[in-house]
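The next block holds one structure in the form of structure tokens; read it before the comments.
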Amino acid sequence: MMAEYPLFFAVLIPVCILFGFVTAGSMLIWAERRLLGLWQLRYGPNRVGPFGLLQVVADTLKMFFKEDWIPPFADKSVFVIAPAIIMTTVLLSFMIVPVSPDFVVFDSSVGLLVFLSLSSLGAYSVVLGGWASNNKYSLLGGLRAAAQMLGYEVFMGISLMGVVAMTGSFRLQDIVEAQRGMWNIGPQFIGFIIFYIAALAETHRSPFDLPEAESELVAGFHSEYSGLKFGMFFVGEYLGVTLMSSMMTLLFFGGWLGPVLPPVVWFFIKTTILISSFVLMRATLPRPRYDQLIVYGWRVLLPLALLNLLVTGGIVLMFQ
Amino acid sequence: MLIYFYINAAIAILATLLTVTAKNAVHALLYFVVSLLALAISMYLLGAPFVAALEVIIYAGAIMVLFVFVVMLLNVKPASSQKYAPQGHIKNWLGPFSLLILLILELVFVFRDTEFLKRQVVTVSAKEVASALFTTYTLAVELTSFLLLAGLIGAYHIGKKRN
């Protein structure tokens, strides 16, 4: 059917992917607070609509009607561009995510590298947002973000190379198909743990939310942002969580593979569970000190990721 | 395909020019990032998606973030970059300008060869790049790593606490 109407599908697939993931990302505004409530023995937002579901609509409307203020002391052009960068890079990343065998926008032979390159460009958003605000708390937040994202990005890439070595391809569909026998979570367990920690740091989610550490830096890099520009940082973070969860589903949990149910449903179930685990991390773990975070990254996780790659490479060569 | 390349090349040249002329250090770095991205797209159009992705990951995504980090850390104000700017002496421009003329002449010479433009685009896979690096160019790779090691030790020595 897809070969018969190429133009129709060329429009339909991007629209579906974009609409689906943006909806999923913004639903997280509600889902995260409800889940946090569940795990901390309280209710969470339950007033607006059934189960508080319309909270998303209420929050969005509030952000639309707030005053969109640019501080007079800020670097205007960079201040405006910064929140757009995170939305652009995250939304562009979804183009390489195959939800089911054919349902993908851009079938690239270097899909995984496209994801890594867009995620490394996403770092600019937070760093420039902090710098352009021209406020000392924002600058500190931006500095923290630069060092944190730069450091954790290095072994985020390396931790995935074990999966690539086992598959022999950067193409995400090939990686999923190679997991028919066993999911990569088994042989690449260390790689998964390292990628998970790096994903937390890359999306600067709690416990690694040091760039915005509200107890020390007001609101860190987005202290000066209001209205829709703040909204873009806010939703961008949730979209980042959705993206990282979908990547983990594809790389370590067999993507769309699964019995009985259609592929898209399996993808959805696995991604939802992983997103919930991100929220669980926030509900349970305290924030480390900044120097602890950096030292942990460079001294523990980087050597571990390299070792994982070395051992995987050795085993792959042995069975060749 | 060729029209994409020309648009892309124009962006690259414009961004690089603005990198040199921008007064604000962070703005200059951002223009440089744009220039690197344009370069990556050129690589992609020439049939090297692997190199294009690495260009974005390593140069635009990591090294330039490090540059921005350092500029932010030193908190360079626009005024301080004025102090070191060349004050319009012809002498200062002569050296770089003559080198630039040489480069442009070389480029014109390369592109006069129309066979070069008509050549079929061949996609180079990651495997071919890797095997070329570790067989034909092993010596060059090793020498580069020596250079990086020297830089690392130098940075460590300068940053060491003195007692």
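Heads up: the sequence lines are chains A and B, in that order. For the first sequence, the numbering used here gives the first residue as 24, with consecutive numbering after it. For the second sequence, the numbering used here gives the first residue as 2, with consecutive numbering after it. Glycine included, every Cβ here is placed at the ideal spot set by N, Cα and C.
So which residues of chain B does residue i contact, with C-beta pairs closer than 9 Å?
| i | result |
| --- | --- |
| Tyr319(A) | The contacting residues do not exist; Tyr319(A) stays about 19 Å from chain B at best. |
| Glu176(A) | Ile58, Gly62, Ala63 and Val66 |
| Ser300(A) | Neighbours of Ser300(A) on chain B: none; closest Cβ ~26 Å, over 9 Å. |
Quick one: grab the DSSP three-state call for residue i.
| i | result |
| --- | --- |
| Arg65(A) | coil |
| Arg228(A) | coil |
| Asp82(A) | helix |
| Asp98(A) | coil |
| Leu233(A) | coil |
| Glu56(B) | helix |
| Phe74(A) | helix |
| Asn158(A) | coil |
| Val72(B) | helix |
| Asp314(A) | helix |
| Met205(A) | coil |
| Glu90(A) | coil |
| Thr137(B) | coil |
| Asn25(B) | coil |
| Trp279(A) | coil |
| Phe31(A) | helix |
| Asp197(A) | helix |
| Pro309(A) | coil |
| Pro356(A) | The question about residue 356(A) has no answer, for chain A in this structure spans 24 to 343. |
| Pro286(A) | helix |
| Leu240(A) | coil |
Below 8 Å between beta carbons: does that hold for residue i and residue j?
| i | j | result |
| --- | --- | --- |
| Met189(A) | Ala221(A) | no |
| Phe275(A) | Asn207(A) | yes |
| Val79(A) | Ile108(A) | no |
| Gly174(A) | Leu162(A) | no |
| Ser269(A) | Val120(A) | yes |
| Ala169(A) | Val69(B) | yes |
| Pro95(A) | Ser156(A) | no |
| Thr226(A) | Glu176(A) | no |
| Phe15(A) | Ser182(A) | The displayed coordinates of chain A run from 24 to 343. Any statement about residue 15(A) would go beyond what the structure contains. |
| Leu136(A) | Phe193(A) | yes |
| Ala224(A) | Phe231(A) | yes |
| Gly281(A) | Thr272(A) | no |
| Met65(B) | Ala53(B) | no |
| Thr20(B) | Ser36(B) | yes |
| Met310(A) | Leu233(A) | For the record, residue 310(A) in the displayed sequence is Arg; it is not Met. Yes, the pair counts as a contact, with Cβ atoms nearer than the cut-off. |
| Leu316(A) | Gln171(A) | yes |
| Leu332(A) | Gly185(A) | yes |
| Glu237(A) | His245(A) | no |
| Ala105(A) | Leu151(A) | yes |
| Leu5(A) | Ile213(A) | Residue numbering for chain A in the displayed model covers 24 to 343; residue 5(A) lies beyond these limits and cannot be assessed. |
| Phe138(A) | Ile40(A) | no |
| Gly243(A) | Gly164(A) | yes |
| Leu30(B) | Ala61(B) | no |
| Phe33(B) | Ala127(B) | no |
Can you pull the chain B residues whose beta carbon is under 7 Å from the beta carbon of residue i, in chain order?
| i | result |
| --- | --- |
| Ser140(A) | Ala54, Val57, Ile58 and Gly62 |
| Ser268(A) | In chain order: nothing, as chain B lies at least about 21 Å away. |
Kindly list, in the order they appear in chain A, the residues whose Cβ is closer than 9 Å to that of residue i.
| i | result |
| --- | --- |
| Met73(B) | Val150, Gly153, Trp154, Leu162, Gly165, Leu166 and Ala169 |
| Val35(B) | Those within 9 Å of Val35(B) in chain A number zero; the least Cβ separation is about 11 Å. |
| Phe51(B) | Ser132, Val133, Leu136 and Phe193 |
List, in order along the chain, the chain B residues whose C-beta lies closer than 8 Å to that of residue i?
| i | result |
| --- | --- |
| Ala146(A) | Gly62 and Val66 |
| Ser116(A) | Correct list: empty, because the minimum Cβ distance to chain B is about 12 Å. |
| Val137(A) | Ala54 |
| Ser143(A) | Val57, Ile58, Ala61, Gly62, Ala63 and Val66 |
Please list the partners that residue i has in chain A, where partner means a Cβ-to-Cβ separation under 8 Å.
| i | result |
| --- | --- |
| Ala127(B) | Val133 and Phe193 |
| Phe6(B) | Going along chain A, no residue has its Cβ under 8 Å from Phe6(B), so there is no contact; the nearest lies around 20 Å. |
| Pro97(B) | Correct list: empty, because the minimum Cβ distance to chain A is about 28 Å. |
Taking 8 Å as the CB-CB cut-off, is residue i touching chain E?
| i | result |
| --- | --- |
| Phe70(B) | Although the question refers to chain E, the structure presented lacks it and instead comprises the protein chains A and B. |
Query raised in the report: Three or more beta-carbon pairs under 8 Å between the region 122–133 of chain A and the region 32–49 of chain A, yes or no?
Result: The region 122–133 of chain A vs the region 32–49 of chain A: in contact.
**Report entry** Against chain B: residues of the region 246–258 of chain A by CB proximity under 7 Å
**Finding:** Of all residues in the region 246–258 of chain A, none has a C-beta nearer than 7 Å to a C-beta of chain B.
**Report entry** Interfacial residues, the region 156–185 of chain A to chain B, with Cβ spacing under 8 Å
**Finding:** Residues Leu162, Gly165, Leu166, Ala169, Ala170, Met172, Leu173, Glu176, Val177 and Gly180.
**Report entry** Three CB pairs or more closer than 8 Å across the region 244–261 of chain A and the region 286–293 of chain A
**Finding:** Because the criterion of three Cβ pairs below 8 Å is not met, the region 244–261 of chain A and the region 286–293 of chain A do not touch.
Query - Cβ contact (3+ pairs, closer than 8 Å) linking the region 294–308 of chain A and the region 51–70 of chain A - result: As far as the Cβ criterion goes, the region 294–308 of chain A touches the region 51–70 of chain A, which means the pair count is three or higher.
Report task. Could you list the residues in the region 227–242 of chain A with a C-beta less than 8 Å from some C-beta on chain B, going in chain order? Result -> Within the region 227–242 of chain A, no residue qualifies.
**Report entry** Positions along the region 20–35 of chain B whose CB lies within less than 8 Å of some CB in chain A
**Finding:** Of all residues in the region 20–35 of chain B, Asn25, Val27, His28, Leu31 and Val34 have a Cβ within less than 8 Å of some Cβ in chain A.
**Report entry** Short-range partners of chain B found in the region 97–125 of chain A, where Cβ spacing is below 9 Å
**Finding:** With the criterion set as a beta carbon lying under 9 Å from some beta carbon of chain B, the members of the region 97–125 of chain A are Asp98, Ser100, Val101 and Ile104, in sequence order.
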